[in-house]
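Residue numbers (my numbering): 662 to 975.
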């Protein structure tokens with residue numbers, strides 16, 4: 662039985678389907694989702710709509726790829742749909758196979774069906790192995806494999822590793838991605854406002870708008886983190902869309918909102934920016950311990966507040 666056919670009692674989880682996608686592999690890492698209903702959806706907007714409507718308690722969506730960078734559709738959706746929180750992140754290695762209909766050999770391959778991103782990540786292998794092939798773009802990696810059983814417009818497809826468990830296709834070559842270290846980062850998004858407890862290996866995600874288009878504006882925003890010893894693992898600009906020169910920034914900061922240095926940075930951002938969207942603090946998937954100078958230890962901030970309170974007579 663595929664994940665999209667699993668039927669159980671609530672709560673339910675949404676993911677970009679159908680069965681066999683990298684998103685499904687990410688959702689399979691969530692212990693709370695085991696044995697629950699999984700809703701297969703077609704895009705990020707549909708996944709988040711399930712959460713907003715209450716059809717699902719959470720949705721698994723891709724947010725960043727180590728080769729391609731941030732997933733802009735996800736970033737823009739999180740910026741425009743209010744009251745959503747990231748409650749966890751998960752990493753899935755990007756592994757692709759070249760698959761075809763049963764009985765097909767490499768020598769038979771002339772046209773390949775593949776999602777454009779997957780095709781770009783396998784281009785080196787394809788040009789070396791099948792230098793005269795043609796490419797038909799597909800809407801998804803799984804759809805590329807499924808199309809082989811529906812039409813004869815392509816001879817082969819690039820699909821996620823393990824796709825042969827879900828479709829009657831033959832694997833002609835495994836591990837064809839040009840970068841063997843490629844990883845996609847997924848986040849689990851819900852409506853909960855309860856923060857996971859700090860673990861010492863955490864990440865805080867934000868979307869911040871600059872107050873105006875002027876020299877030094879971006880530097881002033883970054884100083885809110887730098888002066889408090891908060892390292893950023895991601896910063897990416899996205900146009901707000903109302904006029905030229907207006908941008909929002911998608912930010913991942915190392916640490917938890919309950920860490921004094923991160924909390925102080927959030928206060929600085931809130932004073933600086935007309936709009937700060939807090940997307941959540943959650944454990945890092947890689948379990949790497951957050952490193953920072955002892956100058957920014959929690960006790961330093963607490964002592965400073967106590968010193969000021971004494972001066973004010975509070």
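In this text, a Cβ means the ideal position worked out from N, Cα and C, and glycines have one as well.
- Counted as a single uninterrupted DSSP element, the alpha helix (DSSP H) harbouring residue 711 occupies residues 705-714.
- The straight-line gap separating the alpha-carbon atoms of residue 754 and residue 690 is approximately 13 angstroms.
- Residue pairing of residue 897 in beta bridges, as defined by DSSP: 911.
- Per DSSP, the beta-bridge partners of residue 863 are 944.
- Here residue 914 is not near residue 933, since their CB atoms are 8 angstroms or more apart.
- DSSP places residue 754 within a strand segment (E or B) once states are collapsed to three.
- Between the stretch 739-751 and the stretch 931-951, the count of C-beta pairs closer than 8 angstroms reaches three or more; the two stretches touch.
- Residue burial annotation: residue 916 is buried, with at least 16 other C-beta atoms found within 10 angstroms of its C-beta.
- Spanning the alpha carbons of residue 902 and residue 801 requires a straight line of approximately 27 angstroms.
- In this structure, residue 908 lies away from residue 894, with their beta-carbon atoms at least 8 angstroms apart.
- DSSP places residue 725 inside the beta strand (DSSP E), whose first and last residues are 719-726.
- Contact between residue 833 and residue 762 does not hold, since the beta-carbon distance rounds to 10 angstroms and is not under 8 angstroms.
- In the displayed model, residue 780 falls within a helix according to three-state DSSP.
- According to DSSP, residue pairing for residue 821 in a beta bridge involves 757.
- Scanning its chain for C-beta atoms nearer than 6 angstroms, with the 5 sequence neighbours on each side dropped, one finds around residue 798 the residues 777, in chain order.
- As computed with DSSP, residue 675 is found in a beta bridge with 700 and 720.
- Here residue 883 carries a helix assignment [DSSP, helix/strand/coil].
- Taking every protein chain shown into account, the CB of residue 827 has 16 or more other CB atoms within 10 angstroms, so this residue is buried.
- A distance below 6 angstroms between beta-carbons, with the five flanking residues on each side excluded, links residue 675 to the following residues of its chain, in chain order: 700, 702, 708, 711, 717 and 720.
- Between the alpha carbons of residue 878 and residue 774 lies a gap of roughly 45 angstroms.
- Contact check for residue 817 and residue 759: beta-carbon distance about 6 angstroms, within the 8 angstroms limit, so the pair qualifies.
- Within a 10 Å sphere around the beta-carbon of residue 747 sit 16 or more other beta-carbons, which makes this residue buried.
- Taken through DSSP and simplified to helix, strand or coil, residue 741 comes out as helix.
- Within the DSSP bridge table, the entry for residue 832 names 760 as partners.
- Between the stretch 962-973 and the stretch 916-931, the count of C-beta pairs closer than 8 angstroms reaches three or more; the two stretches touch.
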